[in-house]
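Novice: As they're listed, the protein sequences go chains A and B.
If you count by our numbering, then the first sequence holds residues -19 to 236, one letter each, in order.
If you count by our numbering, then the second sequence holds residues -19 to 236, one letter each, in order.
Number of protein chains: 2
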Amino acid sequence: MANPLILVTNDDGIVAPGIKALVNVAKQFGEVFVVAPDKPQSGKGHGITISDPIRIRKVDVFEGVTSYECSGTPVDCVKLAKTVLLKDREISLCLSGINHGSNSSINIIYSGTMSAAMEAHLEGIPSIGFSLLDYSFEADFSSASQHIAELLRFILHKQKLQGNYLLNVNIPAIPYEEIKGYKICRQADARWIEEYVEAIDPKGQQYFWLTGSFDHSDMEEGTDNYALSEGYISIVPSMYDLTDYKGIKRFKFLED
Amino acid sequence: MANPLILVTNDDGIVAPGIKALVNVAKQFGEVFVVAPDKPQSGKGHGITISDPIRIRKVDVFEGVTSYECSGTPVDCVKLAKTVLLKDREISLCLSGINHGSNSSINIIYSGTMSAAMEAHLEGIPSIGFSLLDYSFEADFSSASQHIAELLRFILHKQKLQGNYLLNVNIPAIPYEEIKGYKICRQADARWIEEYVEAIDPKGQQYFWLTGSFDHSDMEEGTDNYALSEGYISIVPSMYDLTDYKGIKRFKFLED
């Protein structure tokens, strides 16, 4: 396609630096159309808004790029883009991010960034979610942007990859030249060790606030967390079929 | 274990009829402890609350059962139960539901009911999510309750199943004797065809409201949707590894 239509979204909100960096890269590859949350939506997973109305509003955030902010979740943004705003057009690619912080390993199931990409993927649109391993607002997206541009050039222009796919791409927060390349990985079987800060609010009521640390127990070669620790960009081809096929055999006895 | 500790949660909220039915079944199998959302949380997927405090409150809803309502998502309920409320005890089983409405096929990724069960599963707790194919508040849970009791008796008492698992159980909304048995299935590759109701609010502002119909395109034998249409209870063994292992081979060229 001469000028493919690229949908860009994220979960940190339309005014986060990460999405601006991604829009600037995406512009090199086609016509960019942005629909992104009007506020941070980190950790919203595959949530959708079903019991409330959703608002969208045209905004002027990215130069020369049609952009809407949306009151819903990242998945709502993709659904509205496909069903309403771009209903008469073919979306060639969906890019989500650049997320501020890692979406490797188990983070994929909590991540609004990856859920948005997954929603587009299950609607038949090839999708890539990008995350930089730096949570801060001031994160330096320049190295990540260069690597994303190279990856897209390779996939879209050189390989002219066809068909549907969903990629979870995580990028170490190190200078451009220190990144060793790409590793195609499986999702590490690691998790969060939750803790809650327990405190009393100004009205004397108890509250809890989620915190915790990441358990890097699965650092086997071949995992995304291992690749990242070695200075590689991790790419996990992902899917929405949650069937545990080994489990089908294990539970077959119930049919008798 | 003589009297196993069973955590019960849901996504329709602690005052929904479905969770009352599930608590009544669970009581036959151990000590029940409830932590459930204080309001409907359908469609929240694997969302967690990270930018706001979470409140929990002890409530008197189920006779003889310690119960808390929680201001967060279904996944928050499970995290708080495990990390705070039951931190010194071993949870033997997590039951989520009974959901008002289907969680078959792709619904698993949007479902708060299944996400709560998945969260417990990834914390090492065997978990089962139950859904009845009837969305209404007045749904008749009596047939489903009987079948759930039988399933638990079979798994826990007769087979004494060990180890971790996650089951997505959907139950047709038909009388007890019309249900033909269990089918161990894969998740059907079906999806929602979204539509948005577009309207103007009393202040003259446009809003969108999500609706849509379910696309039953994948009715192959072996899928949950096929089993349900044939009058079986569908059981999909599920998991949180979203890696597309076939995709790893497909994208290996990027490493060169």
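Ideal placement from N, C-alpha and C gives every residue a C-beta, glycine not left out.
Everything numeric in this text was worked out from a predicted model, so none of it was measured.
Within the continuous alpha helix (DSSP H) that includes Q126/A, where are the two ends?
Specialist: Where Q126/A is concerned, the enclosing alpha helix (DSSP H) stretches over 122 to 132.
Novice: Is the separation between the beta-carbon of I108/B and that of L147/B shorter than 8 Å?
Specialist: In this structure, L147/B lies closer than 8 Å to I108/B by Cβ.
Novice: Strictly below 8 Å CB to CB, what residues from chain B border D221/A?
Specialist: Near D221/A (Cβ distances below 8 Å), the residues of chain B are R166, Q167, D169.
Novice: Cα separation between F42/A and L141/A?
Specialist: Rounded to whole angstroms, F42/A to L141/A spans 28 Å at the Cα level.
Novice: Taking Cβ positions, are V15/B and L(-13)/B nearer each other than 8 Å?
Specialist: Cβ atoms of V15/B and L(-13)/B: closer than 8 Å.
Novice: Report the rounded CA-to-CA distance for K19/A versus A168/B, giving the unit in angstroms.
Specialist: K19/A and A168/B: Cα-Cα distance of roughly 34 Å.
Novice: Along chain B, in chain order, which residues have C-beta atoms closer than 7 Å to that of V64/A?
Specialist: Per Cβ cutoff of 7 Å: Y176, F188.
Novice: Taking C-beta pairs closer than 8 Å, name the residues in chain A that T29/B reaches, listed in chain order.
Specialist: Simply G23, L190.
Novice: For the stretch 151 to 162 of chain B against the stretch 206 to 215 of chain A, are there 3 or more C-beta pairs whose distance is under 8 Å?
Specialist: Contact fails: fewer than three Cβ-Cβ distances are below 8 Å.
Novice: Looking at the unbroken beta strand (DSSP E) that takes in D195/B, where does it start and where does it end?
Specialist: Here the beta strand (DSSP E) through D195/B covers 186 to 195.
Novice: Any idea if P106/A is buried or exposed, counting beta-carbon neighbours within 10 angstroms, 16 or more meaning buried?
Specialist: So P106/A counts as buried.
Novice: Among the residues of its own chain, which have a CB less than 7 Å from the CB of V(-5)/B, if the five just before and after it don't count?
Specialist: Around V(-5)/B: V41.
Novice: Please classify S116/A as buried or exposed, where buried requires at least 16 neighbouring CB atoms within 10 angstroms.
Specialist: When all chains shown are included, S116/A counts as exposed.
Novice: Measure the C-alpha to C-alpha separation of K232/B and L136/A and round it to an integer number of angstroms.
Specialist: Roughly 16 Å separates the two Cα atoms.
Novice: Which residues in chain A sit within 9 Å of K163/B, going by Cβ to Cβ distance?
Specialist: Simply L234, E235.
Novice: Given that I88/A touches chain B, what residues does it touch there, using C-beta distances under 7 Å?
Specialist: Neighbours of I88/A on chain B, chain order: L222.
Novice: Counting only runs of 4+ residues fully inside the stretch 49 to 116 of chain A, write out the alpha helix (DSSP H) ranges in chain order.
Specialist: Taking only runs of at least 4 residues, the alpha helix (DSSP H) segments lying wholly in the stretch 49 to 116 of chain A are 54 to 60, 87 to 90, 92 to 102.
Novice: For N148/A, which beta-bridge partners are listed by DSSP?
Specialist: Per DSSP, G109/A, V216/A.
Novice: Whole-angstrom Cβ separation of F188/A and L60/B, contact assumed at under 8 Å?
Specialist: Contact holds; Cβ gap of about 6 Å.
Novice: Measure the alpha-carbon distance for V247/A versus W172/B and round it to whole angstroms.
Specialist: This structure does not reach residue 247/A, given that chain A is present from -19 up to 236, and the question cannot be answered.
Novice: Is there at least one Cβ from chain A nearer than 8 Å to I36/B's Cβ?
Specialist: At least one chain A Cβ lies under 8 Å of I36/B.
Novice: Can you check which of these residues, N83/B, F110/B, E200/B, E103/B, is closest to I86/A by C-alpha distance?
Specialist: Ranking the options by Cα distance to I86/A, first place goes to E103/B.
Novice: Is there a Cβ from chain A that is less than 8 Å from the Cβ of R230/B?
Specialist: It does: the Cβ of R230/B has a partner Cβ on chain A nearer than 8 Å.
Novice: Just curious, the alpha helix (DSSP H) that L(-13)/B is in, first and last residue?
Specialist: No alpha helix (DSSP H) contains L(-13)/B, which is instead part of the beta strand (DSSP E) from -15 to -11.
Novice: For a contact defined as C-beta to C-beta under 7 Å, what are the partners of Y115/A on chain B?
Specialist: Residues of chain B passing the Cβ test: none, with the nearest at roughly 11 Å.
Novice: At 3 residues or longer, and completely inside the stretch -7 to 42 of chain A: list those beta strand (DSSP E) runs for me, N to C.
Specialist: Those beta strand (DSSP E) runs which fall completely within the stretch -7 to 42 of chain A and span 3+ residues are 11 to 17, 36 to 39.
Novice: In whole angstroms, what separates the C-alpha of E178/B from that of S125/B?
Specialist: Rounded to whole angstroms, E178/B to S125/B spans 39 Å at the Cα level.
Novice: So, at 6 Å on beta carbons, what are the nonlocal neighbours of K38/B in its own chain, with the 5 sequence-adjacent residues on each side left out?
Specialist: So the qualifying residues of the chain are Y48.
Novice: Is D114/A close to the ligand HEM? I mean its beta-carbon at under 7 Å from any heavy atom of the ligand.
Specialist: Here there are no bound small molecules, and the ligand HEM is not part of this structure.
Novice: Taking C-alpha atoms, which residue in E118/B, Q185/B, L131/B lies nearest to R35/A?
Specialist: Out of E118/B, Q185/B, L131/B, Q185/B has the C-alpha closest to the C-alpha of R35/A.
Novice: Can a CB atom of chain B be found closer than 8 Å to the CB of I215/A?
Specialist: Yes, because at least one Cβ of chain B sits closer than 8 Å to the Cβ of I215/A.
Novice: When the Cα atoms are used, what is the spatial distance from P217/A to R133/B?
Specialist: Cα to Cα, P217/A sits roughly 39 Å from R133/B.
Novice: Let's test the definition: count the other Cβ atoms within 10 Å of the Cβ of N(-17)/B and tell me whether it reaches 16, buried, or not, exposed.
Specialist: Label assigned to N(-17)/B: exposed.
Novice: Does S107/A get closer than 8 Å to chain B when you measure Cβ to Cβ?
Specialist: It does not: the Cβ of S107/A has no partner Cβ on chain B nearer than 8 Å.
Novice: How many Å lie between A207/A and K183/A at the Cα?
Specialist: Going by the C-alpha atoms only, they are around 47 Å apart.
Novice: By the criterion of Cβ-Cβ separation under 7 Å, what are the contact partners of S218/A in chain B?
Specialist: Ordered by position in chain B, the residues that pass the 7 Å Cβ test against S218/A are L222, T223, D224.
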